[in-house]
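J.: Chains as they are written, first to last, in our numbering: chain C, 555 to 883; chain E, 555 to 883.
All residues carry an ideal CB built from backbone N, CA and C; glycine is no exception.
Input: one structure, supplied below.
What follows is the structure, encoded as structure tokens:
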């Protein structure tokens, strides 16, 4: 989506040299970003228009700090390196990277990004935590839209590694590459998308699951508790370390994904969810099988089965759920 | 769904007294059940019509045994307590519980359940591993449909605790209750459903996610690897120990699920997945909020946040993914 031809001032420093990060919006997500950047040893300035924002933010950081300490703090990391400013302009005046985490309202985001662009030093990349708006729709008011990217985290940003990075039509390719590298340096796990898709990747997947869950509750088919238990005692145990595609491939036995699609492909027509399935034509079949081969990265089915088994055991042990005979609830 | 009024012979022993289990169908799922029951100390008989079935089954059990040993074997548990029989009738002749795991073909399941019902001792409960057929549709040919239940496991059945238990219209309530208790005694985590829903619970949820993933691959929006990474580095880390509903509640900050629905409810209208959302009316809103309160079971939002944080750290540590500053990929 991003345009290599658009000229935008170069970021004033390399991703590896960033020391000062500004977080604008300090609710659950913005505050989580603050905690993450502090733990990684950055100086953080934060601004939020809510009257009790500073108090809530410092409480959030304090609550997260024991977890962050267990994860391992960067040298010199401290909650004391947080400065809450009175204005947006002060927050970003000296920043080398800006993370925006305002409420999900398009007009608000547009105007805020315009203000951030006006106030931040030239070339500094400004990333939005938006959970769904395409940057193309948000960058309309900014004087330099080239430095505006989406950097979408997961809650809580100080623990869940994933950040989805994607530019809008007017974002420079340099800003996308710079921010992907910056997040990696800052300890995140980055997926850089080459096109804008509403909801990005992980949110589309979890949103499909969430909507099906809401339908089940609405129809009295399952309770909230049953829905949660069905995941934590079931497929969720695998998804912590092996994604849905590769784990599905293992349902195909020694034949892997191809056998799985042969075997379970017809069930795509079953009314197992309200979501209509795509046609499983040869092109999709081949893409899924080849994609699994790529993701397996040389690991055989037997390797993957051993890895999955060990992973499930490790996760069960880590979460205190090793079961032995007779331990019925 | 099950009818308390239907009379069916009583199971010949209590769930706690079962010693001999028959597994009919010995592919990935059936073989996984064999491994599970062996590890839990049962005598297991197995039958599968495939010519190389015994060899494959013994290979699967051998491959699973190190994992099962780590999980903790029941006293006297041994792969030597597996007998592969030449006929279906021999497999079930002495069984105190029967687990059917044949391919997902309705006609085949119907006929197989008829044969199992004819061959198994009176009253012995026969459970089907079907991943989607309602028992009402499968129990049509059996002389005693009352003892036929669905006991739907997740792959691999020897590691993933969840079993979804549900009867058909002609299943006795006693058979449902007996099998739920039996699975618990045998070390599984049981959700007993009171009505038949195509795909049960967890499969509907993971099928929604799977179909959205297939659409994304079909449209070139994400690769298989990106889809998997987006889960394992993102929401999957939470789902190993806290379900999607409760984790979503935490996105609402100190306001919990109610605040989350106020904040993100409108995004149900966004084109974030191909799955249409239900109308978030007051009834659904209240059901979700009350369901979360029930699932939270007295834990405050702060308790849940602390639990989630510790869980994610434990899972990251268990799967070798603690990140520290500068460890960029």
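Considering only their Cβ atoms, is the gap separating residue 802 (chain E) from residue 764 (chain C) smaller than 9 angstroms?
T.: Within the first chain, the letter at position 210 stands for residue 764 (chain C). Within the second chain, the letter at position 248 stands for residue 802 (chain E). For residue 764 (chain C) and residue 802 (chain E), yes; Cβs fall inside 9 angstroms.
J.: Which bits of chain D does residue 775 (chain E) rub up against, with CB to CB less than 9 angstroms?
T.: Of the protein chains in the structure, C and E, none is chain D.
J.: Suppose contacts are defined by Cβ-Cβ distances below 9 angstroms. Is residue 827 (chain E) in contact with residue 753 (chain C) by that definition?
T.: As a working mapping, residue 827 (chain E) is identified with position 273 in the second chain. As a working mapping, residue 753 (chain C) is identified with position 199 in the first chain. Cβ distance < 9 angstroms, so residue 827 (chain E) and residue 753 (chain C) count as in contact.
J.: Would residue 734 (chain C) and residue 700 (chain C) qualify as a contact pair, given that the criterion is a beta-carbon distance under 9 angstroms?
T.: Here residue 734 (chain C) corresponds to residue number 180 of the first chain, with the count starting at 1. Here residue 700 (chain C) corresponds to residue number 146 of the first chain, with the count starting at 1. No, the Cβ-Cβ distance between residue 734 (chain C) and residue 700 (chain C) is not below 9 angstroms.
J.: Taking the runs of the alpha helix (DSSP H) that are 4 residues or longer, which of them lie wholly in the region 817–851 of chain C?
T.: 836–850
J.: What are the partner residues of residue 777 (chain E), as DSSP defines its beta bridges?
T.: Numbered from its first residue, the second chain carries residue 777 (chain E) at position 223. In the DSSP output, where bridge partners are listed per residue, residue 777 (chain E) has none listed.
J.: Give a yes or no on whether 9 angstroms exceeds the smallest Cβ distance from residue 837 (chain C) to chain E.
T.: Here residue 837 (chain C) is taken as the residue at index 283 of the first chain, counted from 1. Closer than 9 angstroms to some Cβ of chain E, the Cβ of residue 837 (chain C) qualifies, so yes.
J.: Scan the region 726–792 of chain C and note each continuous beta strand (DSSP E) run of 3 residues or more that stays entirely inside, going in chain order.
T.: 743–746
J.: Starting from residue 670 (chain E) and walking both ways along the beta strand (DSSP E), at which residues does that stretch end?
T.: Reading the second chain from its first residue, position 116 is the one you call residue 670 (chain E). Unbroken run through residue 670 (chain E) is the alpha helix (DSSP H), 660–673; no beta strand (DSSP E).
J.: Taking only three categories from DSSP, how would you classify residue 714 (chain C)?
T.: Numbered from its first residue, the first chain carries residue 714 (chain C) at position 160. Three-state DSSP puts residue 714 (chain C) in coil, outside helix and strand.
J.: Anyone know if the C-beta pair for residue 744 (chain E) and residue 704 (chain E) falls short of 9 angstroms?
T.: Walking along the second chain from the start, residue 744 (chain E) turns up at place 190. Walking along the second chain from the start, residue 704 (chain E) turns up at place 150. For residue 744 (chain E) and residue 704 (chain E), no; Cβs fall outside 9 angstroms.
J.: Bridge partners of residue 641 (chain E), per DSSP?
T.: If you number the second chain from 1, residue 641 (chain E) lands on position 87. DSSP output for residue 641 (chain E) lists no bridge partner at all.
J.: What are the boundary residues of the alpha helix (DSSP H) that includes residue 609 (chain E)?
T.: Stepping through the second chain from its first residue, residue 609 (chain E) is reached at position 55. Note, residue 609 (chain E): alpha helix (DSSP H), 607–625.
J.: Can you give me, in chain order, the residues of the region 695–716 of chain E that have a beta carbon less than 8 angstroms from any beta carbon in chain C?
T.: 708, 709, 710, 713, 714, 715 and 716
J.: Give me the chain C residues within the contact set of residue 795 (chain E), using Cβ-Cβ distance strictly less than 7 angstroms, ordered along the chain.
T.: Here residue 795 (chain E) is taken as the residue at index 241 of the second chain, counted from 1. 786 and 873, listed in chain order.
J.: Across which residues does DSSP place residue 813 (chain C) in a beta bridge pair?
T.: In the first chain, counting from the first residue as 1, residue 813 (chain C) sits at position 259. Answer is none; residue 813 (chain C) lacks a bridge partner.
J.: Taking contact to mean at least 3 C-beta pairs separated by less than 8 angstroms, is the region 706–713 of chain C in contact with the region 663–677 of chain C?
T.: They do not touch, by the three-pair rule.
J.: Along the beta strand (DSSP E) that carries residue 871 (chain E), what are the first and last residues, could you check?
T.: Walking along the second chain from the start, residue 871 (chain E) turns up at place 317. Here residue 871 (chain E) belongs to no beta strand (DSSP E); instead the alpha helix (DSSP H) covers 855–872.
J.: Can you check whether the C-beta of residue 827 (chain E) is within less than 9 angstroms of a C-beta belonging to chain C?
T.: Taking the first residue of the second chain as position 1, residue 827 (chain E) is located at position 273. Contact with chain C is found for residue 827 (chain E), since one of that chain's Cβ atoms lies less than 9 angstroms from the residue's Cβ.
J.: Tell me whether the region 627–640 of chain C and the region 655–662 of chain C touch, counting them as touching only if at least three CB pairs, one residue from each stretch, are closer than 8 angstroms.
T.: no
J.: Taking 9 angstroms as the threshold (beta carbon to beta carbon), is residue 573 (chain E) in contact with chain C?
T.: Residue numbering aside, residue 573 (chain E) sits at position 19 when the second chain is read from its first letter. Not closer than 9 angstroms to any Cβ of chain C, the Cβ of residue 573 (chain E) fails to qualify, so no.
J.: Once you ignore the five residues that flank residue 628 (chain C) on each side, which residues in its own chain have a CB closer than 6 angstroms to its CB?
T.: Numbered from its first residue, the first chain carries residue 628 (chain C) at position 74. Only 594 and 595 meet the Cβ criterion.
J.: If you drop the 5 nearest sequence neighbours on each side, which residues of the same chain put their C-beta closer than 8 angstroms to that of residue 859 (chain E)?
T.: One-based indexing of the second chain puts residue 859 (chain E) at position 305. Hits under 8 angstroms: 804.
J.: Does the beta-carbon of residue 876 (chain C) have 16 or more other beta-carbons within 10 angstroms, so that it is buried, or is it exposed?
T.: Residue mapping note: residue 876 (chain C) aligns to position 322 of the first chain, counting from 1. Its Cβ having fewer than 16 others within 10 Å, residue 876 (chain C) is exposed.
J.: Report the CB separation of residue 622 (chain E) from residue 737 (chain E) in whole angstroms; it is logged as a contact under 8 angstroms.
T.: The sequence position of residue 622 (chain E) within the second chain is 68, counting from 1. The sequence position of residue 737 (chain E) within the second chain is 183, counting from 1. 17 angstroms between Cβ atoms; not a contact.
J.: State yes or no: is the beta carbon of residue 621 (chain C) nearer than 9 angstroms to at least one beta carbon in chain E?
T.: Translated into positions along the first chain, residue 621 (chain C) becomes position 67. At least one chain E Cβ lies under 9 angstroms of residue 621 (chain C).
J.: Can you name the residues that DSSP bridges to residue 577 (chain E)?
T.: In the second chain, residue 577 (chain E) corresponds to position 23, counting from 1. Looking at the DSSP output, residue 577 (chain E) sits in a beta bridge with E:600 and E:653.
J.: Check whether the Cβ atoms of residue 617 (chain C) and residue 794 (chain E) lie closer than 9 angstroms to each other.
T.: In the first chain, the residue the question calls residue 617 (chain C) occupies position 63. In the second chain, the residue the question calls residue 794 (chain E) occupies position 240. Not a contact, by the Cβ cut-off of 9 angstroms.
J.: Indicate the three-state DSSP secondary structure (helix, strand or coil) for residue 697 (chain E) in the structure shown.
T.: Sequence index remark: in the second chain, residue 697 (chain E) carries index 143 (1-based). Residue 697 (chain E) sits in coil when the DSSP states are folded into three classes, being neither helix nor strand.
J.: Is residue 653 (chain E) closer than 9 angstroms to residue 788 (chain C) when the C-beta atoms are compared?
T.: Start at 1 with the first residue of the first chain, and residue 788 (chain C) comes out as number 234. Start at 1 with the first residue of the second chain, and residue 653 (chain E) comes out as number 99. Not closer than 9 angstroms, so no.
J.: For residue 497 (chain C), list the residues DSSP reports as bridge partners.
T.: Outside the shown range of chain C, which is 555 to 883, sits residue 497 (chain C), and nothing can be said about it.
J.: Consult DSSP for residue 572 (chain C) and reduce its assignment to one of helix, strand or coil.
T.: Within the first chain, the letter at position 18 stands for residue 572 (chain C). If DSSP states are grouped into helix, strand and coil, residue 572 (chain C) belongs with coil.
J.: Closer than 8 angstroms, Cβ to any Cβ of chain E: which residues of the region 848–874 of chain C, in chain order?
T.: 848, 849, 856, 859, 860, 862, 863, 864, 865, 866, 867, 868, 869, 870, 871, 872 and 873
J.: Any residues in the region 760–771 of chain C with a beta carbon nearer than 9 angstroms to a beta carbon of chain E? Which ones, in chain order?
T.: 760, 761, 762, 763, 764, 765, 766, 767, 768, 769, 770 and 771
J.: Please look up how many angstroms separate the CB atoms of residue 866 (chain C) and residue 791 (chain C), rounded, as I've assumed it's under 8 angstroms.
T.: Here residue 866 (chain C) refers to the residue found at position 312 when the first chain is read from its first residue. Here residue 791 (chain C) refers to the residue found at position 237 when the first chain is read from its first residue. Indeed, because the Cβ distance is near 5 angstroms, the residues count as touching under 8 angstroms.
J.: From the DSSP output, in three-state form, read off residue 721 (chain E) for me.
T.: Residue numbering aside, residue 721 (chain E) sits at position 167 when the second chain is read from its first letter. Of the three classes helix, strand and coil, the one that applies to residue 721 (chain E) here is strand, per DSSP.
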